[in-house]
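A.B. asks:
Protein chains: 2
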Amino acid sequence: MDTTHNKGKEPMEKIFVFDTTLRDGEQVPGACLNPREKLEIALQLARLQVDCIEAGFPISSPGDLSAVKAIAEKVKGPTIVALARAVREDIETAWEAIRKAEKPRIHVFLGTSDIHIQKKFGTDREKALERGIDALKFAKSLCPEVEYSTEDASRTDPEYLARVVEQVIAAGATVVNIPDTVGYAVPQQFGKLVAGLREKVSNIDQVVLSVHCHNDLGLATANTLAAIENGARQVECTVNGLGERAGNASLEEIAIAIRTRKDYFKFHTSVNSQEIMRTSHLVSRLMGMPVQANKAIVGANAFAHSSGIHQDGILKDRTTYEIIRPEDLGITEHAMILTARSGRHALKHKIGEKGYELNEEEFEAVYERFLSVADKKKRIYDEDLDIIVQDVIFAHLADTRLYSLESYKVSTGNGKTPEARVRLSREDVILEASSPGDGPIEAIFKAVDKIVGSFHKLEDFQVKAVTETKEALGIATVRVSREGFRALGRGSSTDILRASAKAYVEAINRIHHFLQHHSQGCGCNNKCAHQESPATHSAA
Amino acid sequence: MDTTHNKGKEPMEKIFVFDTTLRDGEQVPGACLNPREKLEIALQLARLQVDCIEAGFPISSPGDLSAVKAIAEKVKGPTIVALARAVREDIETAWEAIRKAEKPRIHVFLGTSDIHIQKKFGTDREKALERGIDALKFAKSLCPEVEYSTEDASRTDPEYLARVVEQVIAAGATVVNIPDTVGYAVPQQFGKLVAGLREKVSNIDQVVLSVHCHNDLGLATANTLAAIENGARQVECTVNGLGERAGNASLEEIAIAIRTRKDYFKFHTSVNSQEIMRTSHLVSRLMGMPVQANKAIVGANAFAHSSGIHQDGILKDRTTYEIIRPEDLGITEHAMILTARSGRHALKHKIGEKGYELNEEEFEAVYERFLSVADKKKRIYDEDLDIIVQDVIFAHLADTRLYSLESYKVSTGNGKTPEARVRLSREDVILEASSPGDGPIEAIFKAVDKIVGSFHKLEDFQVKAVTETKEALGIATVRVSREGFRALGRGSSTDILRASAKAYVEAINRIHHFLQHHSQGCGCNNKCAHQESPATHSAA
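Sequence lines, in order, name chains D and Y.
Using the working numbering, the first residue of the first sequence is number 1, and each one after it goes up by one.
Using the working numbering, the first residue of the second sequence is number 1001, and each one after it goes up by one.
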C-alpha cells in the first residue's frame, strides 16, 4: 500500500500511529464497552496495522484491568499500552495488565502546567518533577518500554517543559508525549513548541517524540501534522476522532492526509487504509456514537458529489473534484452477499473473511438469526451481516444477560392511548406486564420497568436504518440510567419496536450486572458512574 | 461580546464572516430546503451577525431564484450574495435575485487550475482569464460589490493565479476569493499561497482577500486560520461545517478559535457567539443533518467532562480542563419553560423571544399543537418548542401539502406479522389502506404507498428523541426517492410511529409537488434530481 519511498527518490520516515480509542476514546459519556467489545476493537486495530494500542487504564476498574489483560494476551502485532498516573499502585496494576503482551509499554502521565500543578495537585514544579521521575523509574524497573506524558504541555512554561523532558529521558523514558490536553493549541505555535524541544533538550534523540491533540477548536489534526513537520514521530489519535469533549485527533484524517499529501509531508505510516471504513463502522456501532455525514474521510457523504457541476467534472476526470479514492479506504458499493439459501458453509466463510472469530455456540446463534432476517429481507448486505454478528456476540451471549425479550404486543393508533404488553424471561421464569404510554416506545419501556420493578431514566434514544430499503434492519441505541449508573443498549430487528425493546432490555441487564458486581467493576471505564471508586480516568 | 481591543493594547483587525450554508452547505445530498426554511435560516444568520449571507445560486432553479429574492428583500444587516458562473445569463439572474437587498453582492467564479481549465472547460489559461474578466466587468456594470472566485486555487500555478487576481482587481472586483475547492491544502502551504499573493499582486490592497476551504483532509479550519495569519480578511464557511463531500470550514470553529485565542490571532469577528448553538440546532434540524456528539464547539459532548480526573479538576478550577465557557455559546441547561396551563399569551411571548415571526394562522396552529403535546408531556422545554414551531411553519402550512395523515392503527408483536391501517386525507377525500410489513414502520409506509398509488424508495430513516425522558418528543427524518426525485420529510410526535408516518407523508407531498411543478423548480437546489435542468450547482 504505502511505500517507504517517494517515487524512488528520498526515503520517507515512518510516523508511528498510537491509537487510544480504547482509552481516551472510551472516555465518551455513555460509551461503555464490555471486555469482549474492547477485544474485538483491538483485533480490528491490529488489522488496521496501527503501531500501538492504548488498551485502557487498568487501575480505573477491575473490569478495565481484565479487558487490558485479554487484549495483551490475544492481540499480536501492535505494542499494547496501559495508562497509569504517577502513582506506584497505578503502575503496578498497569504492568500486571500488560506483562504478557508481545510488546508491552507502560504510559505514565503527570501535569506540567502551573494550572495543573498548583490547582490540581496543590504542589510546586520541583516536587511535581521529582514525583514524575520517581514514577518513571519505577515503571522502567518493570517494563523496558515506558512512555511519559507531560499533561497540559501546551499551557506549560516551555523552559520547565524542556527540563522535565530532559530529565525523564535521562531517567529512562523511551517515548515522551506532549499533549494538548485542553485543545488549546494552534498549529504554528504547537509546531514551534515541538521544534523548541528538539533544540533545547540535549538527549532528545534517545526517544520517540509524540503528540496527543484534542479537538476543542477543530485543530487537532492540523496541530498533529504541524508537530510531525517539527520532529514528532508518534501521533496519538482515535478512530472517528472520539474522545473526551470534542474528541481527539482523528486517526483516519492524519493517516490519509499524510498519504494524500506525501508530496508535502514526506512521511509514511503503516496503516492499512483498506481497513479504515470497517474500523470506523465497528467503533461507531459498538460505542453507539454515530459519525456525521460530513465527517472527513469516514462520513457517509465524504465521497458524494451532489452538485451538477461537480458531477459533470467527475465524469470528465475524477481528479477535478476528488483527491482520495474511496476504494482505497475499503469503501465498496452495497454488495449483496448472501440470501436465505446461502447456507451454513457460505455464511461461515463470509464471517471468517470479515475477520470475526466465533466459537461454535456463537456461530450457531448467528446462523439462526441470519435465517430469521434473511427470511424477511431477501438480500443480506455486508452491513447487515456486521449487525447480526455483533448483535449476537456482544449482546446475546454476554454474561450480563439476566432478562431476555420473549415477545411483545402493541396496539396503537386512531387517537387511542398506545398499549404494550411485554413478556420477558429470567432464567426459567416468564414475566409479563402491560402498560399504556404516549407512544408505543414509552409503553414498551414502561412495561419493562414494571416487570423489572424499577424505574430507569432514558438518557438518549436513537433509531437508524442500516441499509437503504424499507425492509432494512433497524438498529436502536438507548442509554438509560438508574441510581447514578448509566448503560448503553443496542438491538437490531427489521421491526424498530422490537429493536428498541431489545436495546432497552440489554441496557437494563447491564445496569443490573453493574449493581450486582459493582465491587468487580464492569469492564467499561468510568462512564457507569463509578464515581465512588478511588481511581478514575485521565485524559492526557 | 467581542471587543475590538485586546485588553486595551493594540486594536484588533476585523475578519469578515461570509456564511455559505444556504449555497455550498445546501449542496449536501438529501438536504433540501424550501424557500420558507431558507428564509428562516437567513434570519437566524442575521441574528448571529455574520457579515455576508450567500443565499443561493439563482440560475440553478426558479425556486432558488425566488428563495434568494425573498432573503434579499427581508433580511436586513448582512450583505446578501448570489453565486453565478462566468456566464452572462447566470449573472443577470443573480442580479435579478439580489437587486433589492440592502447590500447586494454578485459572486462570480471560474476555475484557474490547469486540471479545471483543460479537463472541464477544454480551453487554455489565456482564454479562461479573458472569459473571467468579461464576466466580472459585466457583473460590475450591474452591482457595485462583486466577488471573484478562482476555483481550485490551491492546485493552480501560483504565478498564473497572481496574474488572474491582479487583472480581476483591475477590472473592478471588490473581493477576491481563493478557494481550496477539493480540500487539498495544508495550513503552512496555504498560508504561503495567500502571503505570496499579497506580495506579488500590486493592487491587492484594493480588495478584501477571502478564502474558502473544504474539509476533505480535516484541515479546513486550520487552513482558514493560516490564511488570515497571512493576510486574508474574509472567511467563507458554513454552520456545522456542512457542504459538498466532507463539507466546508466550520463557522463556529473559526469564530471561536479566533475568540478563544485572541492572544495569538489578534483579530475579531462580529459573530454573536450567544447565537451559535441555536443556529447550529436550526440548521441541523431543517437540513436533516445530525451533528456528531464529538463535533468541536457544537457537538453534544463538546462540554461534557466524563472522566473522574477531569471532573475533579473542573470542580477545583474550571480552567484546568475548559477553555471555552458553554454559556458564551448560548448553551443553557434544559430550561422548563411552559406547561399546558401556560396559556396563549405566555406562548406568544416565548415564541417572540426565540426570534420566530409567525402570522396568526401559524400561531394558532402552533398553539393547538402545543396544547396537544403539553397534554401528554408535562413540561415543554425550549427544544420541544423549537420542534413544535418548526413542524408547523415548515411542514404543515407549506403549499406543498397534498396528503395529510388523519390517523393510523398498528397491531404487532407475538410473532405475528405487523399490520398497519392508515388513513390519509386529500382535500375532502378520505383514503384508507392496510398493509402488512416486516415491522410496523414498513407496514405503515407500504400502506401509504398503496393509497398514493406509487412506490417510494426509502433512502434513509432516522428517529431521535429530542429531550431526555421517556415522554420525549421523537423526531423522525426520512429521505425517499421516486423517479429520480429525492425529498426529505420530518415529523415529530411523542409516538415515534406517528412521527415516522408524518415524515413519510411530508416527503411524499414534496415529491408530488416537484413532479407537478417541475418546470417551476422546487426551491431547493439540485438535490431533487433536477439533472435535466441546464444550470446546476458549483462549489467554489
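Even glycine gets a Cβ: it sits at the ideal position worked out from N, Cα and C.
Taking one C-beta from the stretch 1259 to 1266 of chain Y and one from the stretch 1178 to 1193 of chain Y each time, how about it: are there three or more such pairs within less than 8 angstroms?
C.D. replies: No, the stretch 1259 to 1266 of chain Y is not in contact with the stretch 1178 to 1193 of chain Y.
A.B. asks: Throw me the rounded Cβ distance for the Ile59/D and Thr93/D pair, which I believe falls under 8 angstroms.
C.D. replies: The residue you call residue 59/D lines up with position 59 of the first sequence. The residue you call residue 93/D lines up with position 93 of the first sequence. Contact holds; Cβ gap of about 4 angstroms.
A.B. asks: Let's test the definition: count the other Cβ atoms within 10 Å of the Cβ of Leu1193/Y and tell me whether it reaches 16, buried, or not, exposed.
C.D. replies: The count along the second sequence starts at 1 and reaches residue 1193/Y at position 193. Buried, because 16 or more other Cβ atoms sit within 10 Å of the Cβ of Leu1193/Y.
A.B. asks: Could you tell me the alpha carbon to alpha carbon distance between Leu1338/Y and Arg1369/Y, rounded to whole angstroms?
C.D. replies: Looking up residue 1338/Y in the second sequence gives position 338. Looking up residue 1369/Y in the second sequence gives position 369. Whole-angstrom Cα-Cα distance: 13 angstroms.
A.B. asks: Ends of the beta strand (DSSP E) at Phe121/D?
C.D. replies: Counting from one through the first sequence, the residue named residue 121/D turns up at place 121. First-last for Phe121/D: undefined, no H or E at that position.
A.B. asks: Residues in its own chain within less than 6 angstroms of Ala139/D by CB, not counting five upstream and five downstream?
C.D. replies: Within the first sequence, numbered from 1, the residue matching residue 139/D stands at position 139. Closer than 6 angstroms at Cβ, skipping near neighbours: Ile91, Ile106, Val108, Val146.
A.B. asks: By the 10 Å Cβ neighbour count, where 16 or more other Cβ atoms means buried, how is Asn1359/Y classified, buried or exposed?
C.D. replies: Looking up residue 1359/Y in the second sequence gives position 359. Flag for Asn1359/Y reads exposed.
A.B. asks: Considering only the beta carbon of each residue, do Ala507/D and Val478/D sit closer than 8 angstroms?
C.D. replies: Indexing the first sequence from 1 puts residue 507/D at position 507. Indexing the first sequence from 1 puts residue 478/D at position 478. In contact: Ala507/D and Val478/D (Cβ atoms closer than 8 angstroms).
A.B. asks: Please state whether DSSP places Pro1062/Y in a helix, a strand or coil.
C.D. replies: As a working note, residue 1062/Y is residue 62 in the second sequence. Helix at Pro1062/Y.
A.B. asks: Taking 8 angstroms as the CB-CB cut-off, is Asn542/D touching chain Y?
C.D. replies: Limits of chain D in this structure are 1 at one end and 540 at the other, which puts residue 542/D out of reach.
A.B. asks: Please work out which residues of its chain come closer than 6 angstroms, Cβ to Cβ, to Phe1018/Y, disregarding the five sequence neighbours upstream and downstream, and give them in chain order.
C.D. replies: For this step, residue 1018/Y is matched to residue 18 along the second sequence. If we look at Phe1018/Y and ignore the five residues flanking it on each side, its Cβ neighbours are Cys1052, Gln1234, Glu1236.
A.B. asks: According to DSSP, is Asn240/D part of a helix, a strand, or is it coil?
C.D. replies: Taking the first residue of the first sequence as 1, we reach residue 240/D at position 240. Three-state DSSP puts Asn240/D in a helix.
A.B. asks: For a contact defined as C-beta to C-beta under 7 angstroms, what are the partners of Asn509/D on chain Y?
C.D. replies: Taking the first residue of the first sequence as 1, we reach residue 509/D at position 509. Neighbours of Asn509/D on chain Y: none; closest Cβ ~18 angstroms, over 7 angstroms.
A.B. asks: At 4 residues or longer, what runs of the alpha helix (DSSP H) sit wholly inside the stretch 265 to 298 of chain D?
C.D. replies: If we require 4 residues or more, the alpha helix (DSSP H) runs fully inside the stretch 265 to 298 of chain D come out as 276 to 287.
A.B. asks: Is the CB-CB distance between Thr1504/Y and Gly1489/Y below 8 angstroms?
C.D. replies: Mapped onto the second sequence, residue 1504/Y falls at position 504. Mapped onto the second sequence, residue 1489/Y falls at position 489. Going by the sequence as given, residue 1504/Y is Tyr instead of Thr. Yes, they are a contact pair.
A.B. asks: Using beta-carbon positions only, say whether Ser1066/Y and Pro1104/Y come within less than 8 angstroms of one another.
C.D. replies: Residue 1066/Y sits at position 66 when you count from the first residue of the second sequence. Residue 1104/Y sits at position 104 when you count from the first residue of the second sequence. For Ser1066/Y and Pro1104/Y, no; Cβs fall outside 8 angstroms.
A.B. asks: If the cut is a Cβ gap below 9 angstroms, which residues of chain D does Leu1371/Y touch?
C.D. replies: Here residue 1371/Y refers to the residue found at position 371 of the second sequence. Chain D residues near Leu1371/Y: none, gap ~14 angstroms exceeds 9 angstroms.
A.B. asks: Helix, strand or coil for Ala1082/Y, going by three-state DSSP, please let me know.
C.D. replies: Within the second sequence, numbered from 1, the residue matching residue 1082/Y stands at position 82. Strand.
A.B. asks: Put Ile496/D into one of helix, strand or coil per three-state DSSP.
C.D. replies: By one-based count along the first sequence, residue 496/D stands at place 496. Ile496/D falls in the helix class under three-state DSSP.
A.B. asks: For Asn525/D, which residues in the same chain have their Cβ closer than 6 angstroms to its Cβ, ignoring the five residues on either side in sequence?
C.D. replies: Here the question's residue 525/D lines up with position 525 in the first sequence. Note that Asn525/D scores 43 on pLDDT, short of 50, meaning its location in the model is unreliable; the coordinates nonetheless yield the value given after this. Closer than 6 angstroms at the Cβ level, and outside the excluded window around Asn525/D, lie Glu26, Ser60, Asp64, His537.
A.B. asks: Return no unless some Cβ of chain D is closer than 8 angstroms to the Cβ of Met1012/Y.
C.D. replies: For the purposes of this step, residue 1012/Y is taken as the residue at position 12 of the second sequence. Closer than 8 angstroms: no.
A.B. asks: What residues are listed by DSSP as bridge partners for Val1214/Y?
C.D. replies: Against the second sequence, residue 1214/Y aligns to sequence position 214. Reading off the sequence shown, one finds His at residue 1214/Y, where the question assumed Val. BP columns for His1214/Y point to Asn1248/Y.
A.B. asks: Based on Cα-Cα distance, which residue from Gln188/D, Ser154/D, Ile228/D, Ser500/D lies nearest to Phe16/D?
C.D. replies: Walking along the first sequence from the start, residue 16/D turns up at place 16. The residue with the shortest Cα to Cα distance from Phe16/D is Ile228/D.
A.B. asks: If the cut is a Cβ gap below 7 angstroms, which residues of chain Y does Tyr408/D touch?
C.D. replies: Position 408 of the first sequence, counted from the first residue, corresponds to residue 408/D. Neighbours of Tyr408/D on chain Y, chain order: Gly1413.
A.B. asks: Is the number of C-beta pairs between the stretch 291 to 299 of chain D and the stretch 273 to 282 of chain D that are closer than 8 angstroms three or more?
C.D. replies: Flag = yes, the stretch 291 to 299 of chain D and the stretch 273 to 282 of chain D touch.
A.B. asks: Anyone know if the C-beta pair for Arg1023/Y and Glu1073/Y falls short of 8 angstroms?
C.D. replies: As a first step, residue 1023/Y is located in the second sequence; it is residue number 23 there, counting from the start. As a first step, residue 1073/Y is located in the second sequence; it is residue number 73 there, counting from the start. No, Cβ-Cβ distance for Arg1023/Y and Glu1073/Y is not below 8 angstroms.
A.B. asks: Counting beta carbon pairs with one atom in the stretch 377 to 394 of chain D and one in the stretch 402 to 417 of chain D, are three or more of them shorter than 8 angstroms?
C.D. replies: Counting Cβ pairs under 8 angstroms, fewer than three are found: no touch.
A.B. asks: Quick one: what's got a C-beta closer than 6 angstroms to Arg1423/Y's C-beta in the same chain, skipping five residues either side?
C.D. replies: Here residue 1423/Y is taken as the residue at index 423 of the second sequence, counted from 1. Once the five neighbours on either side are set aside, the close Cβ partners of Arg1423/Y are Glu1406, Ser1407, Glu1432.
A.B. asks: Quick check: is the beta carbon of Leu397/D nearer than 8 angstroms to any beta carbon in chain Y?
C.D. replies: Here residue 397/D refers to the residue found at position 397 when the first sequence is read from its first residue. Note that Leu397/D scores a pLDDT of 49, beneath 50, so its modelled location is shaky; the value from the coordinates is reported in the next line. Answer no: the Cβ-Cβ gap between Leu397/D and chain Y never drops below 8 angstroms.
A.B. asks: Who does Glu1054/Y pair with in a DSSP beta bridge?
C.D. replies: On the second sequence, residue 1054/Y is found 54 positions in, with the first residue counted as 1. BP columns for Glu1054/Y point to Val1081/Y.
A.B. asks: Just verifying my parser: in three-state terms, what is the DSSP assignment at Phe1303/Y?
C.D. replies: Mapped onto the second sequence, residue 1303/Y falls at position 303. Coil at Phe1303/Y, not helix or strand.
A.B. asks: Check Pro144/D in the structure and name its three-state DSSP category.
C.D. replies: Counted from its first residue, the first sequence places residue 144/D at position 144. Reduced to three states, the DSSP call for Pro144/D is coil.
A.B. asks: In chain order, what residues of the same chain lie with their CB nearer than 8 angstroms to the CB of Phe121/D, ignoring the 5 residues before and after it?
C.D. replies: For the purposes of this step, residue 121/D is identified with residue 121 of the first sequence, where counting begins at 1. Hits under 8 angstroms: Gly111, Ala128.
A.B. asks: List the residues of chain D that Ser1493/Y touches, going by C-beta distances under 9 angstroms, in chain order.
C.D. replies: Your numbering for residue 1493/Y matches position 493 in the second sequence. Per Cβ cutoff of 9 angstroms: Asp438, Gly439.
A.B. asks: Could you check where the alpha helix (DSSP H) with Asn1015/Y kicks off and where it finishes?
C.D. replies: Numbered from its first residue, the second sequence carries residue 1015/Y at position 15. Before going on, a small fix: residue 1015/Y reads as Ile here, not Asn. Counting along the chain, Ile1015/Y falls outside any alpha helix (DSSP H), and DSSP gives it neither H nor E.
A.B. asks: Would you identify the three-state DSSP class for Leu397/D, choosing helix, strand or coil?
C.D. replies: Against the first sequence, residue 397/D aligns to sequence position 397. Bear in mind that the predicted position of Leu397/D carries a pLDDT of just 49, short of 50, making it unreliable; the figure below should be weighed with that in mind. Here Leu397/D sits in coil by DSSP.
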